[in-house]
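I have placed the structure first, in the form of structure tokens, so that the comments after it can refer back to it.
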Amino acid sequence: MGHLSSFLALIVLLGITVCVGRPRGRILRGYEAPPHMKPYMASLQVDGKHMCGGFLIAEQWVLSAAHCLEDNPEDKPFQVLLGAHSLSLPEPHKRLYGVRAQIRHPGSSQETYNDDLLLLQLEEKALLNEHVKVLPFQRQDRDVPADTMCEVAGWGEMTHSGKLPDKLQQVERPVISRETCNLRSRHDNMITEKMMCTDSKRKDTCPGDSGGPLVCNGIAEGVVAAGSRVCGNYLKPGIYTRIPPYVDWMESVMASAN
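In case it helps, mature numbering (1 follows the signal peptide of the UniProt record, and there is no 0) puts the sequence shown at residues -21 to -1, 1 to 237.
Here's what the structure looks like:
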């Protein structure tokens, strides 16, 4: 009996070791994006460290997620890296821009996922070229049909230990209906009409990807907001802030800026 107990204890210990060793906090089965094929992507940085994603929506404006401000506890101003594929290697059109204004949506808060948008005004207009381009965003307020395959990219975490990639990663995910996302076993009626979801089974966005665009048929439909604490948990689909309900706010902010 003692030998059996020892054997069972060893099996349990081995099982725990295997589970702990599996990378959980990563874009599961994502892959390195083709270099500079997503010229709209932005890296929001503090002291040279990547914090969040974002994307260029006008020559002097980047859209991201408001909760990225909470990830910056010292409240230092962001800098925005454009034209990058690798965060560390020299590249011909890579440039770091200062930020003149950080404008979060007035309805955003740390307690909810509501209105999770952040506009960043660059100190100067971005120099547009083959590696730095504006991404068009959806203006028509209608839901993306379920099962539409969309893509998301970012420099977010790749392993459960928090390892960040140097080069841009991407993954394709199908949209799931709001009804499915709001099931009690999923997000339990937390998903409003201003949000959308994608399937997160084995492939997902992770911390550091927040603020990046969800691109469907070449147009930004949403902004990465939140998901499961453990990336790739199919019971916690990825959550995105839909862009169309906020077009008036975005254009008002951009028009009123100096």
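Glycine included, every Cβ here is placed at the ideal spot set by N, Cα and C. Just so you know, these numbers come straight off a predicted model, no measurement behind them.
Item	Value
Using three-state DSSP, classify methionine 233 as helix, strand or coil.	helix
Check this for me: beta carbons of leucine 147 and lysine 28, under 8 angstroms apart or not?	no
Looking at the strands, I want to know which residues DSSP matches up with residue 254.	This structure gives no information on residue 254, because the portion of the chain shown stretches from -21 to 237.
Per the contact definition of three or more C-beta pairs closer than 8 angstroms, is the stretch 216 to 234 in contact with the stretch 64 to 75?	no
Considering only C-alpha positions, which residue in the set Cys31, Arg157 and Leu61 is nearest to methionine 20?	Leu61
Between residue 239 and valine 203, how many whole angstroms is the CB-CB distance? I'm expecting something under 8 angstroms.	In the structure as shown, the chain begins at -21 and stops at 237. Residue 239 is therefore absent and cannot be evaluated.
Determine which residues share a DSSP beta bridge with alanine 132 and list them.	Gln149
What are the partner residues of tryptophan 228, as DSSP defines its beta bridges?	According to DSSP, tryptophan 228 bridges with nothing at all.
What are the boundary residues of the beta strand (DSSP E) that residue 251 is part of?	The structure shown does not extend to residue 251, since the chain spans only -21 to 237, so no value can be given for it.
Would you give the residue range spanned by the beta strand (DSSP E) that valine 123 belongs to?	Element bounds for valine 123: n/a, residue is neither H nor E.
From glutamate 103 to valine 41, what does the alpha carbon distance come to, in whole angstroms?	12 angstroms
Check whether the Cβ atoms of alanine 105 and glycine 191 lie closer than 8 angstroms to each other.	no
Short of 7 angstroms in beta carbon distance, which residues of its chain neighbour glycine 86, apart from the five on each side in sequence? Order them along the chain.	Asn93 and Asp94
Note down, in chain order, each residue of its chain lying with its Cβ closer than 6 angstroms to the Cβ of proline 76, except the 5 sequence neighbours on either side.	Correcting the residue identity first, residue 76 is tyrosine in this sequence and not proline. Answer for tyrosine 76: Val59 and Leu101, listed in chain order.
Under 8 angstroms between the Cβ atoms of leucine 99 and phenylalanine 57?	yes
By a C-beta neighbour count over all protein chains shown, 10 Å radius and 16 as the cutoff for buried, is serine 235 buried or exposed?	exposed
Beta-carbon within less than 7 angstroms of proline 14's beta-carbon, same chain only, minus the 5 sequence neighbours each way: which residues are those?	His64
If you count every other CB in all the chains shown that lies within 10 Å of the CB of aspartate 188, and 16 or more means buried, which is it?	buried
Looking at the structure shown, is histidine 46 part of a helix, part of a strand, or coil, going by DSSP?	helix
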